[in-house]
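Accompanying notes for the structure given below.
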Amino acid sequence: MKVLVAVKRVIDYNVKVRVKADNTDVDLTNVKMAMNPFDEIAIEEAVRLKESGVATEVVVVSIGGKESQEQIRTALALGADRGILVETGEKLGSLSVAKLLKAVVDEEKPDLVILGKQSIDNDNNQTGQMLAALASMPQGTFASEVKVADGQVAVTREVDGGLQTVSLKLPAVVTTDLRLNEPRYASLPNIMKAKRKPLDTKTPEELGVTLGSTITTLKVEPPAERQAGIKVASVEELVDKLKNEAKVI
Amino acid sequence: MAILVIAEHTNDALNGATLNAVTAALAIGGDVDVLVAGSNCSAAAESAAKISGVNKVLCADDATYEHQLAENMGLLVSDLGKSYGHILASATTGGKNFMPRVAALLDVDQISEIIRVDSPDTFARPIYAGNAIATVQSSASVKVITVRGTGFDAAPAEGGSAVVELINGPADAGISSFVGEELASSDRPELSAADIVVSGGRGMGNGENFELLYTLADKLGAAVGASRAAVDAGFVPNDMQVGQTGKIVAPNLYIAVGISGAIQHLAGMKDSKVIVAINKDEEAPIFQVADYGLVADLFEAVPELEKQL
Ligand SMILES: Cc1cc2nc3c(=O)[nH]c(=O)nc-3n(C[C@H](O)[C@H](O)[C@H](O)COP(=O)(O)OP(=O)(O)OC[C@H]3O[C@@H](n4cnc5c(N)ncnc54)[C@H](O)[C@@H]3O)c2cc1C
Ligand SMILES: Nc1ncnc2c1ncn2[C@@H]1O[C@H](COP(=O)(O)O)[C@@H](O)[C@H]1O
Chain A
9 MKVLVAVKRV IDYNVKVRVK ADNTDVDLTN VKMAMNPFDE IAIEEAVRLK ESGVATEVVV
69 VSIGGKESQE QIRTALALGA DRGILVETGE KLGSLSVAKL LKAVVDEEKP DLVILGKQSI
129 DNDNNQTGQM LAALASMPQG TFASEVKVAD GQVAVTREVD GGLQTVSLKL PAVVTTDLRL
189 NEPRYASLPN IMKAKRKPLD TKTPEELGVT LGSTITTLKV EPPAERQAGI KVASVEELVD
249 KLKNEAKVI
Chain B
8 MAILVIAEHT NDALNGATLN AVTAALAIGG DVDVLVAGSN CSAAAESAAK ISGVNKVLCA
68 DDATYEHQLA ENMGLLVSDL GKSYGHILAS ATTGGKNFMP RVAALLDVDQ ISEIIRVDSP
128 DTFARPIYAG NAIATVQSSA SVKVITVRGT GFDAAPAEGG SAVVELINGP ADAGISSFVG
188 EELASSDRPE LSAADIVVSG GRGMGNGENF ELLYTLADKL GAAVGASRAA VDAGFVPNDM
248 QVGQTGKIVA PNLYIAVGIS GAIQHLAGMK DSKVIVAINK DEEAPIFQVA DYGLVADLFE
308 AVPELEKQL
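Order-wise, the sequence lines are chains A and B.
Here the first sequence stands for residues 9 to 257, where the numbers follow the numbering used here.
Here the second sequence stands for residues 8 to 316, where the numbers follow the numbering used here.
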């Protein structure tokens with residue numbers, strides 16, 4: 009079984025972004041970049057499927073500029089077998105990304121595609137579901153457990169009310185939630201080995217995908233700042249403030 | 008052009024988040040129709056018909072839609088949605104699951120988690136864990152949108168008298184099936200809609216200690232939430248996680264206990280009206296957003312607080 013994993017280069021999750029003074033975007037100059045945390049979980053799941061003998065090959069794909077090779081190399085160091093960079097300098101929406109991934113799926117014909125549930129930069133939570141629709145595949149989103157058997161995958165999903173399990177016919181799309189696994193760290197020897205693993209580069213034109221978006225960003229602003237509050241000295245003072253000042257209890 | 012709102016429901020009852028989505032639809036302007044897709048869902052459809060401001064309810068009552076599987080919802084909604092200018096759903100795990108499929112099938116971009124409607128084609132939405140707010144304009148023929156509940160008041164659940172029209176949808180996609188679910192049941196208010204929320208973090212130490220928060224919550228009529236760390240450690244189930252990738256809450260009062268205040272947690276609660284933080288570390292970032300901060304050991308402060316209420 010072949011597993012395809014999509015990884016995105018995003019701002020490191022520890023960084024608090026600032027909005028640019030001209031309100032056109034957030035300021036990403038000299039900001040630390042990393043693999044989207046949900047995609048680390050996706051890679052880990054794929055590698056575990058390979059280690060347990062369920063998967064035979066793990067292919068990793070990223071869409072973005074040349075610098076996204078870094079995240080592909082990280083995935084290769086974590087255990088993926090080969091990488092594909094779809095190189096583009098354009099800032100893409102989830103639909104365009106899904107169309108490019110669909111073209112890669114048509115070429116690679118994976119049995120399972122694993123993505124993160126959400127990019128921590130645009131917070132879209134769309135790409136996996138869109139890819140599944142475009143490829144006419146079923147989807148198991150927000151997965152906290154994935155079990156492959158008999159041409160099906162059972163996915164336990166984190167939903168607002170608790171947990172839901174669905175069974176999907178392969179090929180299928182899975183998107184990861186936080187509790188699916190705890191990603192490993194890449195060891196130094198594996199980082200060295202990853203440098204020799206194959207990494208192909210393709211362009212959107214080669215994949216026959218026309219990019220475009222129906223969305224224009226008019227402005228990006230900082231959120232309303234909260235007023236700094238006060239420290240209370242005791243529980244008694246807290247109760248008094250909540251009752252008589254804030255009047256919320 | 009008219010607006011289609013996809014109801015979130017349990018077949019027997021409408022989920023409150025639908026009321027916030029209807030308010031967003033009314034802010035866009037135009038006739039607002041509501042789709043109730045389910046199985047034996049006439050009770051939910053009748054509730055939808057009573058929402059103030061709703062023009063018409065479409066009810067797809069069929070075993071195919073019993074669990075609102077995304078594959079089937081995608082086919083149904085993309086088909087119906089073609090004749091609408093906007094399709095809206097709540098940004099719940101339900102709406103987040105099927106709406107991008109709808110958008111892809113209609114070949115349009117989706118706008119996720121709007122918190123404001125500026126005009127029929129312009130909306131505001133948080134990005135980067137709420138550290139920036141983007142105002143976006145859509146030129147899509149059908150605008151596919153999910154609505155963050157905390158951005159819009161609930162429409163009145165009573166006062167409307169819309170007609171309910173039964174409709175048929177496409178056959179089951181046949182590629183996915185429902186296996187089972189484990190739903191949390193609680194007598195406390197629902198987290199995303201509660202007036203008061205008490206949340207616990209890693210500082211709680213273990214699951215048993217959450218009893219302290221349940222007791223406090225019951226005295227306040229509050230819901231109980233948690234940080235990711237508390238969920239990951241197995242103290243409480245996943246449906247209690249508040250944050251960028253959990254639930255978004257904006258109650259009148261949010262009490263954070265043993266929570267440090269990481270940006271991902273703040274993203275889910277910093278629009279609360281009044282924030283209280285109880286933490287033994289006076290440097291904890293949660294104090295930067297708290298209206299009232301109490302530097303104390305939670306194991307002393309929480310029982311004391313409960314006693315004094
Ligand atoms: C992709 C991604 C998504 C994420 N999504 C979310 C999300 O949706 N929600 C979320 O919450 N987090 C999320 N996180 C995790 C987030 O970054 C933090 O790790 C998490 O919020 C920390 O939880 P905490 O505050 O409970 O734990 P800690 O940061 O460990 O803080 C525990 C606090 O408890 C205090 N404490 C300890 N003992 C006591 C005591 N006896 N009395 C009083 N205080 C005490 C400590 O001083 C400390 O401040 C996400 C992270 C990533 C990478
Ligand atoms: N540019 C990209 N390259 C590769 N994968 C991506 C890209 N954008 C999004 N994805 C995948 O889609 C998931 C969800 O992203 P989003 O829909 O943007 O929230 C991510 O976790 C990735 O797995």
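Note that the Cβ used here is the ideal one computed from N, Cα and C, for glycine as well.
- Scanning chain A for C-beta atoms nearer than 9 Å to the C-beta of B/Leu312 yields Val243, Leu246 and Val247, reported in chain order.
- In this structure, DSSP gives B/Gln251 a state outside helix and strand, which the three-state scheme calls coil.
- The beta strand (DSSP E) runs of length 3 or more contained entirely in the region 81–160 of chain B are, from start to end of the chain, 93–97, 117–121, 123–126, 129–134, 139–145 and 150–154.
- When CB distances to chain B are screened at a threshold of 7 Å, the residues of the region 209–226 of chain A falling below it are Ser221, Thr222, Ile223, Thr224, Thr225 and Leu226, in chain order.
- With a contact defined as Cβ atoms closer than 8 Å, B/Ile266 and B/Ser234 qualify at about 5 Å.
- By the Cβ rule, the region 236–243 of chain A does not count as touching the region 68–80 of chain B, because fewer than three pairs are nearer than 8 Å.
- Per DSSP, reduced to three states, the secondary structure at B/Thr25 is helical.
- Taking a C-beta distance under 7 Å as the contact criterion, A/Pro146 and A/Ala194 do not qualify as a contact pair.
- Cβ proximity to chain B below 9 Å picks out Ile128, Asp129, Asn130, Asp131, Asn132, Asn133, Gln134, Thr135, Gly136, Gln137, Met138, Leu139, Ala140, Ala141, Leu142, Ser144, Met145, Pro146, Gln147 and Gly148 from the region 128–148 of chain A.
- Boundaries of the alpha helix (DSSP H) harbouring A/Leu109: Ser102 to Glu116, taken from the DSSP string.
- For ligand 2, a non-hydrogen atom lies closer than 6 Å to the CB of A/Asp47.
- For ligand 1, residues qualifying as neighbours are A/Tyr21, A/Pro45, B/Gly208, B/Arg209, B/Gly210, B/Ser234, B/Arg235, B/Ala236, B/Gly250, B/Gln251, B/Thr252, B/Gly253, B/Gly265, B/Ile266, B/Ser267, B/Ala269, B/Gln271, B/His272, B/Asn286, B/Lys287, B/Asp288, B/Ala291, B/Asp304 and B/Leu305, where qualification means a beta carbon closer than 5 Å to at least one of its heavy atoms (chain order).
- Residue contact check for A/Pro45 against chain B: no CB pair falls below 7 Å.
- In the same chain as B/Tyr91, and ignoring 5 residues on each side of it, the C-beta atoms closer than 7 Å to its own belong to Met8, Ala9, Ile10, Leu11 and Val149, in chain order.
- Counting along the chain, B/Asn286 sits inside the beta strand (DSSP E) bounded by residues Val281 to Asn286.
- For the region 10–80 of chain A, the continuous beta strand (DSSP E) assignments of 3+ residues that do not extend past its boundaries occur at 10–14, 17–19, 41–43 and 65–72, in sequence order.
- Using a 10 angstroms sphere on the CB of A/Ala157, the tally of other CB atoms stays under 16, which defines it as exposed.
- Counting only runs of 3+ residues, the beta strand (DSSP E) found wholly inside the region 156–208 of chain B occupies 170–173, 183–190 and 203–207, in chain order.
- Contact annotation: B/Gly167 and B/Leu83 have beta-carbon atoms that are not nearer than 7 Å.
- Not a single C-beta of chain A is nearer than 7 Å to the C-beta of B/Arg155.
- The beta carbon of A/Ile80 sits no closer than 6 Å to any heavy atom of ligand 2.
- Distance from A/Leu246 to B/Tyr299 at the Cβ level is roughly 6 Å; contact confirmed, criterion being Cβ atoms closer than 8 Å.
- The Cβ atoms of B/Val109 and B/Val151 lie closer than 7 Å to each other.
- No heavy atom of ligand 2 is found nearer than 6 Å to the CB of B/Asn138.
- In the DSSP assignment, A/Arg90 is bridged to A/Val67.
- The region 98–113 of chain A makes no contact with the region 34–48 of chain A: fewer than 3 CB pairs, one atom from each, lie closer than 8 Å.
- It is roughly 10 Å from the alpha-carbon of B/Leu65 to the alpha-carbon of B/Ile13.
- Where A/Glu153 is concerned, the enclosing beta strand (DSSP E) starts and stops at Gln147 to Ala157.
- Taking 7 Å as the Cβ-Cβ cut-off, the region 164–197 of chain A approaches chain B at Glu166, Val167, Asp168, Gly169, Gly170, Leu171, Gln172, Thr173, Val174, Ser175, Leu176, Lys177, Leu186 and Arg187, given in chain order.
- In terms of beta-carbon proximity, A/Arg234 lines the interface with chain B, with at least one pair separated by less than 7 Å.
- Contacts between B/Arg108 and chain A, judged by CB atoms closer than 8 Å, involve Gln137, Met138, Ala140, Ala141 and Gln147 in chain order.
- For chain A, the residues of the region 292–304 of chain B that bring a beta carbon within less than 9 Å of one of its beta carbons are Phe294, Gln295, Val296, Ala297, Asp298, Tyr299, Gly300, Leu301, Val302 and Ala303, in chain order.
- Contact with chain B is absent for A/Ala88, since none of that chain's Cβ atoms lies less than 7 Å from the residue's Cβ.
- In summary, the residues of the region 229–249 of chain B whose CB is separated from some CB of chain A by less than 7 Å are Arg235, Asp239, Pro244, Asn245 and Asp246, in the order they occur in the chain.
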